[in-house]
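Enquirer:
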Amino acid sequence: MYQGCFGEIRHYSRMPWELTAISAVGFATVIVYAVVAVLGWQHRDSRCGPEIAALHLVVGLSAFAYAIQLGFDSVAAQTVWWELSFAFSTVVPILWLVFVVQYVSRSQWLTPVRAGLLAVEPLAVVLAVATNASHNLVWTVAPETTATAGSAIALVFGPLYYTHIVLAYVAVAVGMSMILFVGIRWSLVYWKQVVVLLIAPLPPFLSNMAFMLGVSPIPNLDLTPFVFSFTGVLLVLSLYHFDLLERVPIARRQALQAMGDGLVVLDTDRVVVDADDIACRVLDPAPRIGHSITAVFPDRPFDQLHGTTVTDANNLAYDVRVSELTDERGDEIGYAVALRDVTSRHRYEQRLEVANRVLRHNLRNDMNVVRGYADLVASGSADDATRAAESILSRTDDLLTVSDKARKVSELDDSHSQPSTTHDVTALVDSVVHQARREYPDAVIQFEGAAHTEAQLTDAGSLATAVRELLELLVSQADRDDLTLRVGVECRDDVVVRIESSGAGIPAVDREALAAESETPLQHAEGLGLWLAYWCVIENGGELRFGDADGDNPVEADSPPTETEASVIRLCFPSDCS
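Once you know that position 184 of the sequence shown is 235 in my numbering, the rest is easy, because the numbers rise by one and skip nothing.
1. Could you have a look at Val155 and say whether DSSP puts it in helix, strand or coil?
2. Between the C-alpha atoms of Arg438 and Asn416, what's the straight-line distance to the nearest angstrom?
3. Check whether the Cβ atoms of Leu288 and Val247 sit closer than 8 Å, and answer yes or no.
4. Between Thr71 and the rest of its own chain, which residues show a CB-CB distance below 8 Å, the 5 nearest in sequence each way excluded?
5. Could you name the residues of the same chain whose beta carbon sits closer than 8 Å to that of Trp147, not counting the 5 residues immediately before and after it, in chain order?
6. Evaluate Arg489 with the Cβ neighbour count: other Cβ atoms within 10 Å of its Cβ, from every protein chain shown; 16 or more gives buried, anything less gives exposed.
7. Beta carbon of Asp312, beta carbon of Tyr369: below 8 Å?
8. Taking 8 Å as the cut-off, does the stretch 534-546 touch the stretch 490-507 (at least 3 CB pairs, one atom from each stretch)?
9. Could you compute how far the alpha carbon of Leu174 sits from the alpha carbon of Phe137?
10. Quick one: residues in its chain with C-beta nearer than 8 Å to the C-beta of Asp603, no 5 flanking neighbours on either side, listed in chain order?
11. Please state the DSSP three-state secondary structure of Pro276.
12. Provide the residue span of the alpha helix (DSSP H) that contains Phe78, from first to last.
13. Take Arg372 as the anchor and find which of Thr191, Ala559, Thr360 and Asn366 has the nearest alpha-carbon.
14. In three-state terms, what does DSSP make of Thr282?
15. What do you reckon, are the CB atoms on Arg621 and Val548 nearer than 8 Å?
16. Taking the DSSP output, what are the residues bridged to Arg339?
17. Looking at the secondary structure, which residues open and close the alpha helix (DSSP H) in which Glu520 lies?
18. With 16 other CB atoms within 10 Å as the buried threshold, where does Arg562 fall?
19. Which same chain residues, not among the five before or five after Val142, have their C-beta less than 8 Å away from its C-beta?
20. Could you tell me which residues DSSP puts in a beta bridge with Trp68?
21. Specify the secondary structure class of Ser267 as computed by DSSP and reduced to three states.
22. Drop a sphere of 10 angstroms on the beta-carbon of Leu474, count the other beta-carbons inside from all chains shown, and report buried for 16 or more, exposed for fewer.
23. Under 8 Å by Cβ, that's how I've got Gln525 and Ser552 pegged, so tell me the actual separation to the nearest angstrom.
24. With a cut-off of 8 Å on the beta carbons, I'd call Ile317 and Ile344 a contact; round off their distance for me.
25. Quick check on the DSSP output: the alpha helix (DSSP H) that includes Glu590 runs from which residue to which?
26. Taking 8 Å as the threshold (C-beta atoms), are Ser482 and Thr509 in contact?
27. Sort out for me which residues DSSP pairs Val322 with in a bridge.
28. Use the C-beta contact count for Val217: other C-beta atoms within 10 angstroms, 16 or more gives buried, fewer gives exposed.
29. Using C-beta distances below 6 Å, list every residue in its chain close to Trp133, excluding the 5 sequence neighbours before and after it, in chain order.
30. Span of the beta strand (DSSP E) holding Arg391?
31. With a threshold of 7 Å, establish whether the CB of Ala203 neighbours any heavy atom of the ligand SAM.
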């Protein structure tokens, strides 16, 4: 005999079953559900994709069980399959609510505690269904009930069933109200999506009401599991025609107009609802959907974010612009945080500031020295005049050198955004060393490099300029005759150009100014040589480092190199050395 438990389905597996017309219709709707579930899963990285997949998977299982029920002519067999179909359907209202919450960008509402509370009701109903034979609070079957294939048996529903139906209607109504609220607030921006989503749940909702009121077109037959396929079709229409899964309920058109090179879209609570790949790469930590923007800028109030500048791991600068998003009625509906690449402007302003300070500092100091020696010439002896003239010539040569470097700085191209090409770094550096040996015959310049060490550079000429300036700087700082410079090119994780001096190395004041990335009134480099080398390196996507420890002491404001590292300079360029 039938015991009202899922496990008893095995007892009736040998009973005759036939494919009726209504069962065939049910199986056809199962195919629709399967297609929609697969489409949702394919868009699982998009908003609402996983929710759509889960919703239609469960509805499809319920429809499948119901279609099998309608092929039996036994009361016991139909009851078992109806029991299974109803158990699957108990989860549908909750899944619908989860979908709506995701759509209206209120996923933060669905905390683990709230999700657990929502799951209590369907779990309790499933448990009641499994134990219905002992209490009959979900349904009963009248003794005189008969069954025929293609028609559903008449069940007498109990209080637990009606309680579940009322809660399901409330869940559907709450979801539709939330969607309607979106339609009212965001009016014409998403009215097509809103209309589709308001219509989508109506067919199964009305079908179930007709069944409960006893006015179904086919007596005793609940068409809800089959009619839900119309909901699936409408969601597919939204997916492909209205971009439901690719949009969020916020003024995306306005956000695109405000977009720079990177974009983060926030709701009114300043919670991230969308972020493009550029924003995720530039910002550290990367913005995460469903989390507050304060996690990205913990030390900066949101109201003060507009107009600030952030720098990514590649030393590229981005201006932050915050725009308020409003609907057609002017109501605030969110924010767009746009990142615009201003690396060229940022580097140009830095070069202009440094060159200006160095020129003013050197010009003032050297001209004071020249004036002093000129006074000495005017009033001194012939020996004093000769010595003063030599000093004047030396100072003017220094000024001409600084002026020439300032010209090179002004001619630097912002090539960071240009496509890179492959260059033989070994051959390039070898050529610079060969020229330096002729210019500085008193210094011993040794070179060693693996043949054909290649790197991707945007401007190979600027790399040659960087090596040339560093060699000149190291020679100028030497205070002994036996100066030895060792230049090497090697391929580790990156392509590294290593320059080591047996002399004094790079002065501390130069290194500190470079680490601070600016010249200050109390902190001046001796000239523009080190700055010029630094800019040439970063324009090629590389780093200028001091010392020999891998990964240590790149030029950063918070970690200036120590004096013991002054004699070793490394230029590191990203490359696949495998």
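Note that beta-carbon positions come from the ideal geometry of N, C-alpha and C, so glycine has one too.
Expert: Checking against the coordinates, here is how it stands:
1. Residue state for Val155 is assigned as coil, using DSSP reduced to three classes.
2. Our two residues, Arg438 and Asn416, have alpha carbons roughly 19 Å apart in a direct line.
3. Result yes, Cβ atoms of Leu288 and Val247 sit closer than 8 Å.
4. Contacts found: Leu121, Gly122, Ala200 and Gly201.
5. The answer, listed in chain order, is Leu106, Ala222, Val223, Gly226 and Pro252.
6. With fewer than 16 Cβ atoms within 10 Å of its Cβ, Arg489 is classed as exposed.
7. In this structure, Asp312 lies near Tyr369, with their beta-carbon atoms less than 8 Å apart.
8. Yes, the stretch 490-507 touches the stretch 534-546.
9. Going from the Cα of Leu174 to the Cα of Phe137 covers about 12 Å.
10. Reliability of the predicted coordinates at Asp603 is poor, the pLDDT of 45 falling under 50, and the value obtained from them is presented with this limitation in mind. The beta carbon of Asp603 sits closer than 8 Å to those of Arg596, all from its chain and outside the five residues before and after it, given in chain order.
11. In the displayed model, Pro276 falls within a helix according to three-state DSSP.
12. Ala72 to Gln93 is the extent of the alpha helix (DSSP H) around Phe78.
13. Distance check between Arg372 and each of Thr191, Ala559, Thr360 and Asn366 places Thr360 closest, using alpha-carbon atoms only.
14. If DSSP states are grouped into helix, strand and coil, Thr282 belongs with the helices.
15. Contact: yes.
16. Bridge partners of Arg339: none, in fact.
17. Looking at the DSSP string, the run of the alpha helix (DSSP H) that includes Glu520 is Ala511 to Gln528.
18. Arg562 comes out buried.
19. Scanning its chain for C-beta atoms nearer than 8 Å, with the 5 sequence neighbours on each side dropped, one finds around Val142 the residues Val109 and Pro173, in chain order.
20. Per DSSP, Phe123.
21. Three-state DSSP puts Ser267 in coil, outside helix and strand.
22. According to the sequence as given, residue 474 is His; it is not Leu. Buried, by the Cβ-count rule.
23. Sequence inspection shows Leu at residue 525; the Gln mentioned does not correspond to that position. Yes, Leu525 and Ser552 are in contact; Cβ-Cβ is about 4 Å, under 8 Å.
24. Rather than Ile, the amino acid found at residue 317 in this sequence is Leu. Between Ile344 and Leu317 the Cβ distance is about 6 Å, and since that is below 8 Å, they are a contact.
25. First-last of the alpha helix (DSSP H) with Glu590: Gly580 to Glu590.
26. By the CB criterion at 8 Å, Thr509 and Ser482 fall outside the cutoff.
27. Bridge partners of Val322: Ser343.
28. Val217 is exposed by the Cβ-count criterion.
29. These residues qualify, in order along the chain: Gln120.
30. That run of the beta strand (DSSP E) goes Glu383 to Asp392.
31. This structure lacks the ligand SAM, and indeed carries no ligand of any kind.
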